[in-house]
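What follows is one structure encoded as structure tokens, with my remarks underneath.
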Amino acid sequence: MNRPARRAAIIAGSAALAACGTIGVAAAAPGGATTARATATATATAARTVRYYAFNINNGSNDPGLVPVPGTNPKVFSQGDELIINDQLTSTHRAGRGYPIVGYDSGVCTFTRVPEKYAKQTLADCVVTAVWKSRGSLTVQGVIRFKSQQPDPAVLAITGGTGSFGGAAGTMRVSFTKNYKILTIAEK
């Protein structure tokens, strides 16, 4: 898959946690016949992309999960403030009255750059681990840029995993909506 197409596929979701499926690739053997072995090999090396919704479950009235540096204004980001990540992960497929909960994520984003004059350059370094009820866990890390105290979409690196995510590599794209995040995981 070429780089622009791959990026478009990653961008297509990310700010919630819900399984979307697996990308499969069929390979043709010489002469045009598709063999089971060629298909299995191609599928094993294809990127696997899944999508989930992440719903914030922090408790608080003003800015749930923000831990300001002591002595600073909690209404404005300051260098060293921490944003606690605490979400329920759900499927992207509605079932009955809602989306089935498949796990949770937790982590922290630390504000490392908060220039007053250039507020569009506010940066937070994030480390988050997502845990699924039956699949294991996946840890991601990266920087999220903020504009007017609102996060921009970001691509985080997969830095490790357990269970079915053991040895994982790839990226997680996070998009932000008013009520939830969309997480799109592209595993290599």
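Mapping the sequence shown onto the working numbering, position 50 (from 1) lands on 139, and the numbers just tick up by one.
Cβ atoms here follow ideal geometry from the backbone N, Cα and C, with glycine treated the same way.
Quick one: is S237 buried, meaning 16 or more other Cβ sit within 10 Å of its Cβ, or exposed?
Exposed is the call here.
Per DSSP, what kind of secondary structure is A116 in: helix, strand or coil?
At A116, the pLDDT of 26 sits below 50, so the modelled position is not reliable and the matter cannot be decided from this model.
Check whether the Cβ atoms of Y193 and V220 sit closer than 8 Å, and answer yes or no.
A contact, by the Cβ cut-off of 8 Å.
CB-CB under 6 Å to P157, same chain, minus the five flanking residues each way: which ones, in chain order?
Cβ within range, chain order: P163 and D170.
Which value, in whole angstroms, describes the spacing of the CA atoms of Y141 and G259?
Spanning the two alpha carbons is a distance of roughly 16 Å.
Using C-beta distances below 6 Å, list every residue in its chain close to L172, excluding the 5 sequence neighbours before and after it, in chain order.
The answer, listed in chain order, is G154, L155 and C198.
Would you report the Cα separation of T181 and V232, rounded to the nearest angstrom?
Computed Cα separation, rounded: 25 Å.
Could you tell me which whole beta strand (DSSP E) segments of length 3 or greater appear in the region 169 to 198?
The qualifying runs are 171 to 179.
Count the other CB atoms within 10 Å of the CB of G255; is the residue buried (16 or more) or exposed (fewer)?
It counts as exposed.
If I'm right that L227 touches I274 with Cβ under 8 Å, what's the distance once you round it to whole angstroms?
Sure, about 7 Å apart at Cβ, within 8 Å.
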